[in-house]
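Presented below is the structure to which this report refers.
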Amino acid sequence: EAGVAQSPRYKIIEKRQSVAFWCNPISGHATLYWYQQILGQGPKLLIQFQNNGVVDDSQLPKDRFSAERLKGVDSTLKIQPAKLEDSAVYLCASSLAGDTQYFGPGTRLTVL
Amino acid sequence: GEDVEQSLFLSVREGDSSVINCTYTDSSSTYLYWYKQEPGAGLQLLTYIFSNMDMKQDQRLTVLLNKKDKHLSLRIADTQTGDSAIYFCAESNRGFKTIFGAGTRLFVKA
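Top line first, the protein sequences correspond to chains A and B. Read in the working numbering, the first sequence has 40 at position 40, and its numbers run on one by one without any break. Read in the working numbering, the second sequence has 1058 at position 58, and its numbers run on one by one without any break.
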């Protein structure tokens, strides 16, 4: 069974630029999560989808971050405009029904 | 709010047992997890325990849960250099928001 796929693996941008990350969850997994992991910290939930609906986006900085999961399968997370403090690893995870989460390899973002 | 705390570092010799500890605050947690993260990789699920269990064993891994003290531990028997990684404790309540600790970095000396 294929795992959670993410791309790109690495991205370097300058502050105020835009960036987008893509995630394809495990086939059949209804729940999809985006996490931000700053160096030396545990993952922090940004947004959780159940199929194509948002379950929790309380910690998503909505003035600059957006995410969508239009067909209830893959998802895109966008940052516009990026700030220096957005430098982190962005992890995508999926679960069958909101239970055990399986993580992708992450996208490491560096904002200069 | 909910919080999960772990010690930041642990160093052991190859062949010894490692014990990584975690405390959490949400008494309504239903699932407690241990994840492993190697450099440049995502989080790999190692094991999990339901809150109505005291212990779970899976090959070299033993999870102990003290629900009264809200304390979770992960014991790795016969620790190998390949076990060097960051270990994250996490808790969730019926599959809702999962809270992660900051991770314990395990160093295994040959």
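We put the CB at the ideal spot given by N, CA and C, even for glycine.
So that I know if they touch, is there some Cβ in chain B lying closer than 9 Å to that of residue i?
i	result
proline 25(A)	no
aspartate 56(A)	yes
proline 43(A)	yes
glutamine 6(A)	yes
proline 105(A)	yes
threonine 100(A)	yes
glutamine 80(A)	no
glutamine 48(A)	yes
arginine 108(A)	yes
alanine 93(A)	yes
With DSSP run on the structure shown, which of helix, strand or coil describes residue i?
i	result
aspartate 1078(B)	coil
leucine 112(A)	coil
leucine 1061(B)	strand
leucine 84(A)	helix
valine 1108(B)	strand
threonine 100(A)	coil
For residue i, verify whether its CB is less than 8 Å away from any heavy atom of the ligand NAD.
i	result
alanine 5(A)	Among the components of this structure there are no ligands whatsoever, and the ligand NAD is therefore not found.
Between residue i and chain A, is the shortest Cβ-Cβ distance under 9 Å, so that the two count as touching?
i	result
phenylalanine 1107(B)	no
lysine 1097(B)	yes
phenylalanine 1009(B)	no
leucine 1065(B)	no
leucine 1045(B)	yes
tyrosine 1031(B)	yes
tyrosine 1035(B)	yes
glycine 1101(B)	yes
alanine 1090(B)	yes
alanine 1085(B)	no
glycine 1042(B)	yes
valine 1019(B)	no
Would you please state the rounded distance, in angstroms, between the beta carbons of residue i and residue j? I believe it to be under 8 Å.
i	j	result
aspartate 86(A)	valine 111(A)	5 Å
lysine 1070(B)	serine 1051(B)	Not quite, the Cβ-Cβ distance comes to about 10 Å (not below 8 Å), so this is no contact.
leucine 64(A)	isoleucine 47(A)	For clarity, residue 64(A) is arginine in the given sequence; the question names leucine instead. Contact flag wrong, Cβ pair sits at about 13 Å.
glutamate 1014(B)	alanine 1110(B)	5 Å
serine 1018(B)	threonine 1081(B)	Serine 1018(B) to threonine 1081(B), Cβ: 12 Å. No contact.
tyrosine 1024(B)	tyrosine 1048(B)	Their Cβ separation, rounded to whole angstroms, is 13 Å, which puts tyrosine 1024(B) and tyrosine 1048(B) out of contact at 8 Å.
alanine 1090(B)	glutamine 1006(B)	Actually they are not in contact, since the Cβ atoms of alanine 1090(B) and glutamine 1006(B) sit about 10 Å apart, beyond 8 Å.
tyrosine 35(A)	alanine 82(A)	About 17 Å separates the two Cβ atoms, so there is no contact after all.
Going by DSSP, what residues sit across from residue i in a beta bridge?
i	result
lysine 78(A)	Ala20(A) and Ser66(A)
asparagine 1066(B)	His1071(B)
serine 1017(B)	Note: serine 1017(B) sits in no beta bridge, so no partner.
serine 95(A)	Thr31(A)
valine 73(A)	None, per the DSSP bridge assignment.
lysine 1036(B)	Gln1044(B) and Tyr1087(B)
serine 1092(B)	Tyr1031(B) and Thr1098(B)
methionine 1055(B)	Leu1064(B)
valine 1004(B)	Tyr1024(B)
Starting from the beta carbon of residue i, find every residue of chain D whose beta carbon is closer than 8 Å, and list them in chain order.
i	result
tyrosine 1048(B)	Included in the structure are the protein chains A and B, with no chain D among them.
- Item | Contained beta strand (DSSP E) runs [length at least 3] in the segment 6 to 64 of chain A, N- to C-terminal order | 10 to 13, 19 to 24, 31 to 37, 44 to 50 and 53 to 56
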